[in-house]
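>
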Amino acid sequence: MARIWQALPEARLVGGCVRDLLCSRDVHDLDLASPVPPEEAQRRLEEVGARVIPTGLEHGTITAVIDHHPYEITTLRRDVSTDGRHAVVAWTDDWEEDAQRRDFTINAMSLDQDGQLHDYFGGLDDLRAGKVRFVGQAARRIEEDALRCLRFFRFFARYGRGEPDGEACQAIIRLRETMTRLSVERVAMELLKILSGPQLLRTLELMEETGTLAVLLPHHAPLSGLGRLLACGDPAEPLHRLAVLYPPGGGDGQGMADVGAHLKLSNESRDMLAAFARFGPELAVTLDDDGIRRVLFQQDRSILLLRSWLVQAQELGRPDGSWNELRHRLETVEQPVFHLAGRDLIALGVKPGPEMGRWLKQTQHWWLTQGCRPDAGACRDWVSHQLSPS
C-alpha cells in the first residue's frame, strides 16, 4: 500500500475492504479508486516498480501486482448511459460523483491513506444499523443494472438486521422480471454468494416474498428443508444448501442434479450436485470403523462430509453431538486403498479380459466386507484360495 500511495497519493480504498474494515471482518482484497486517468496511473505505478495489468481499461480499471499480490485500481467514473446491464462511463475527479453511481450506501464509502473515512450517504450509520439501502432512488439504480436486485439480497444476507428497506423491496417487486435479461452465469455467481450468507433463511424468505426466488429458481422445494439444515449448524457451503432446495424428485422433477445445468455451474459443481442426487453409501451415526472405511472407499470424503449434514437435517433437523462425532471420524480415518491390480491376477493365472474383471470385482467385494483392512498380499492369498479351494 505504501508503494501504491507513493505513486497515487490521492487514491483511496473503496468498496468491500472499507466495509469489512469498519465492521472488523477479514479483508481479502484491497481495491482502490483514484482521480488519475488509467494510463497515467499505470505509468506512475510502473515507476515505483509495480507490474501493471490493464485488466479493464475501457472501464478505467488496472491491476497493480506488488510482491505477487494484486491490487485493483479504478479511475473515478460517472455514467454517460446505461441499458440495464452495461454502462458507458467517463472519467471524473469528483469523489462524490463517483460514489453516487455505486449501488448501496455501505459500498459508497472510501478511506484515504491518512485513515479518514469519506462517507457521502450515511453508509457508516447504515452499516452499524444492519440496513442495506440503495444510493439515491432504488428503482433507478435497479434500472441501471438489474443485477442489483440480487446484490441487495446478497448484502442483506451478510450485513442485514431487522426489517429490510421498504423502498428497496418495492422496487425489486416492480422490476424483478428485468433479471431475466441477465446472463445465467452472473445470476449463479450472486446466488451462490447469497447461499453462503449468515442470514440466509430470512434472506430467502424475503426473496420469496418479493417473488425473486420464483424468477431465479422456479419449482424449488419449500424453505422448511433449508431451515432444518441451518438449524443443524451446517457449514456455509452454498452447493449443499442449493441441494436442499432441489431434492431428488422434488419440484418439477428435475432434481438437484439438473439445477447445475440450469445455472451453468462448473463441471466440478455439477458433479457434486449429481453426487448429492445419487446419494451413495448409507451414512449413520452407528457406523463402526469398518463401516467408515467402506463409505470412504465408495465416495469422496468431501462429498460424504457435506452429505452428512443433509442426512442429519432430514433425520433430526437440529444439532447433535453424535453426528459431529461421525464427521470427525470421516475426517480422521485414513483413506482406504484397494491394492489388488490386474498384474497380481495375471501372476495367479487369471486371463486378461472379462474373467479378470469378475475376479477384481469379487475380491473388492470381499475386501469391503473385511472393512477394507486386507492388504495386497492378503487379497492375493484370498484369490489364490478361491482358485484352488482345496
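Numbering (our numbering) for the sequence shown: 4 to 393. From the three backbone atoms N, C-alpha and C, an ideal C-beta is built for every residue, glycine too.
1. Please specify which runs of the alpha helix (DSSP H), each continuous and at least 4 residues long, are wholly inside the region 170 to 212, giving them in chain order.
2. Helix, strand or coil for residue 289? Go by DSSP, reduced to three states.
3. Span of the alpha helix (DSSP H) holding residue 368?
4. Check residue 248 in the structure and name its three-state DSSP category.
5. Count the other C-beta atoms from every protein chain shown that fall within 10 angstroms of the C-beta of residue 45, then say buried if there are 16 or more, exposed otherwise.
6. Could you check if residue 256 is buried or exposed, using at least 16 other CB atoms within 10 Å of its CB as the buried criterion?
7. Going along the chain, which residues of its own chain have a beta-carbon closer than 8 Å to the beta-carbon of residue 349, five neighbours each way excluded?
8. If you draw a straight line from the C-alpha of residue 226 to the C-alpha of residue 204, how long is it?
9. Assuming residue 300 and residue 375 form a contact by the criterion Cβ under 8 Å, report the distance between their Cβ atoms to the nearest whole angstrom.
10. Can you give me the C-alpha to C-alpha distance between residue 93 and residue 173, rounded to a whole angstrom?
11. Taking the alpha helix (DSSP H) that residue 216 belongs to, which residues open and close that run?
12. Less than 8 Å between the beta carbons of residue 228 and residue 141, yes or no?
13. Out of 11, 57 and 4, state which residue places its alpha-carbon closest to the alpha-carbon of residue 33.
14. Please list, in chain order, all residues of the same chain as residue 105 whose beta carbon is under 7 Å from its beta carbon, the five residues on each side excluded.
15. Among all the DSSP beta bridges, which residues are the ones paired with residue 67?
16. In angstroms with no decimal places, state the Cα-to-Cα distance between residue 152 and residue 322.
17. Is the Cβ-Cβ distance between residue 16 and residue 113 less than 8 Å?
18. If you follow the beta strand (DSSP E) that residue 36 is in, where does it begin and where does it stop?
19. What residues are listed by DSSP as bridge partners for residue 93?
20. Are residue 77 and residue 40 touching if we call contact CB-CB under 8 Å?
Quick answer:
1. 187 to 198 and 203 to 212
2. Looking at residue 289 - three-state DSSP - the assignment turns out to be coil, as it is neither helix nor strand.
3. For residue 368, the uninterrupted alpha helix (DSSP H) segment begins and ends at 357 to 372.
4. Here residue 248 sits in helix by DSSP.
5. So residue 45 ends up on the buried side.
6. At residue 256, the pLDDT of 38 sits below 50, so the modelled position is not reliable; the number obtained from the coordinates is stated separately. That one is exposed.
7. 355 and 359
8. Rounded to the nearest angstrom, the two C-alpha atoms are 8 Å apart.
9. The beta carbons of residue 300 and residue 375 sit about 6 Å from each other, so the pair counts as a contact at 8 Å.
10. 31 Å
11. 215 to 219
12. Not closer than 8 Å, so no.
13. 4
14. 111 and 138
15. DSSP, once it has assigned bridges, lists 55 and 74 as partnering residue 67.
16. Each residue's Cα considered, the two are about 33 Å apart.
17. The answer is yes: Cβ separation under 8 Å.
18. 34 to 37
19. 81
20. no
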